[in-house]
Amino acid sequence: DTGVSQDPRHKITKRGQNVTFRCDPISEHNRLYWYRQTLGQGPEFLTYFQNEAQLEKSRLLSDRFSAERPKGSFSTLEIQRTEQGDSAMYLCASSLALGGNQPQHFGDGTRLSIL
Amino acid sequence: GQNIDQPTEMTATEGAIVQINCTYQTSGFNGLFWYQQHAGEAPTFLSYNVLDGLEEKGRFSSFLSRSKGYSYLLLKELQMKDSASYLCAVTPQGNYQLIWGAGTKLIIKP
């Protein structure tokens, strides 16, 4: 068990650019979640997958955000035409799909800074 | 609506005991989690409660009262390394996403 891995750890880009983040979940976990967290706040849910199916997406998520999990293993989160307000820590988590009591295990996150 | 409340910040002394409270109002309830998050790091799982009562895990215990929409995390024999944010999160019924509180920043003083 190597834990949840996220890449890159840090991303600095200019406003208007597109960025893509990658998450590799714990290998036997079939649920994968994306969250966004800003300083002094708890994580904010963005979307989640069970295997390759995207089952839920936050209503707060604009059309500039898209996530995929093509083979039910790793996932990517893309933000198009980045804005200042997108600056945050983007966290990925994974869990087993055995009911609601399975803890989510988090990666170290990707910190996005928009100049 | 969904709402989870925790105190913003607490201070305690090394070796003492501290209780961090969490109240929630959610559309259904399927369990409550406590996570620890050190500055700049990912949240790490501490405990899970779905039935009323106390769950004990070493120096950490977590309590739940579903009728009151209330939980607390109890930390005993505090150590300097316990300085972190403690996040309360609820799974609403029929939904596997977590609704998170803003976290309680715990400061441990010698």
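The listed protein sequences correspond, in order, to chains A and B.
With the first sequence counted from 1, adding 1420 to any position gets you my numbering.
Anchor point for the second sequence: position 46 equals 39 in my numbering, and the numbering is continuous, going up by one each time.
Idealized CB from N, CA, C, for every residue including glycine.
Please read all numbers here as calculations on a predicted model, not as lab measurements.
Determine the extent of the beta strand (DSSP E) in which N42(B) is found, giving its start and end residues.
-> Your numbering for residue 42(B) matches position 49 in the second sequence. Here the beta strand (DSSP E) through N42(B) covers 37 to 42.
Separation of G94(B) from Y65(B), as counted between CA atoms = Taking the first residue of the second sequence as 1, we reach residue 65(B) at position 72. Taking the first residue of the second sequence as 1, we reach residue 94(B) at position 101. If you take the alpha carbons of Y65(B) and G94(B), they lie about 13 Å apart.
Confirm the yes/no value for this check: CB of F1485(A), any heavy atom of the ligand GTP, distance under 7 Å.
-> Among the components modelled here there is no ligand, and therefore nothing to report on the ligand GTP.
Around the C-beta of Q(-5)(B), are 16 or more other C-beta atoms found within 10 angstroms, so that it is buried, or is it exposed?
-> On the second sequence, residue -5(B) is found 2 positions in, with the first residue counted as 1. Exposed, since its Cβ has fewer than 16 Cβ neighbours within 10 Å.
Within the 8 Å Cβ cut-off, does W93(B) reach chain A?
-> Looking up residue 93(B) in the second sequence gives position 100. Yes, its Cβ sits closer than 8 Å to a Cβ of chain A.
For chain B, is any of its Cβ atoms less than 8 Å away from the one on N1521(A)?
-> Mapped onto the first sequence, residue 1521(A) falls at position 101. At least one CB atom of chain B sits nearer than 8 Å to the CB of N1521(A).
Close Cβ partners of N14(B) (< 6 Å) along its chain, the five nearest in sequence each way excluded | Start at 1 with the first residue of the second sequence, and residue 14(B) comes out as number 21. Excluding sequence neighbours, N14(B) sits near Y65.
Alpha carbon to alpha carbon, how far is E1476(A) from Y1468(A)? Give it in angstroms, no decimals.
-> Numbered from 1 along the first sequence, position 48 holds the residue referred to as residue 1468(A). Numbered from 1 along the first sequence, position 56 holds the residue referred to as residue 1476(A). Those two C-alpha atoms are separated by around 6 Å.
If you draw a straight line from the alpha carbon of M1509(A) to that of R52(B), how long is it in whole angstroms?
-> By 1-based counting over the first sequence, the position of residue 1509(A) is 89. By 1-based counting over the second sequence, the position of residue 52(B) is 59. Straight through space, the alpha carbons of R52(B) and M1509(A) are spaced by roughly 30 Å.
Return the chain-ordered list of same chain residues with a C-beta closer than 8 Å to the C-beta of M73(B), the five sequence neighbours on each side being excluded.
-> Position 80 of the second sequence, counting from 1, holds the residue named residue 73(B). Only E7, I101, P103 meet the Cβ criterion.
Three-way DSSP call (helix, strand, coil) for Q75(B) in this model | The residue given as residue 75(B) occupies position 82 in the second sequence. Reading the sequence as shown, one finds Asp at residue 75(B) and not Gln. In the structure shown, the three-state DSSP call for D75(B) is helix.
Does any residue of chain A bring its CB to less than 8 Å from the CB of G24(B)?
-> Numbered from 1 along the second sequence, position 31 holds the residue referred to as residue 24(B). Yes, contact with chain A.
Simplified DSSP state of G1505(A), which is helix, strand or coil = Sequence index remark: in the first sequence, residue 1505(A) carries index 85 (1-based). G1505(A): helix per DSSP, three-state reduction.
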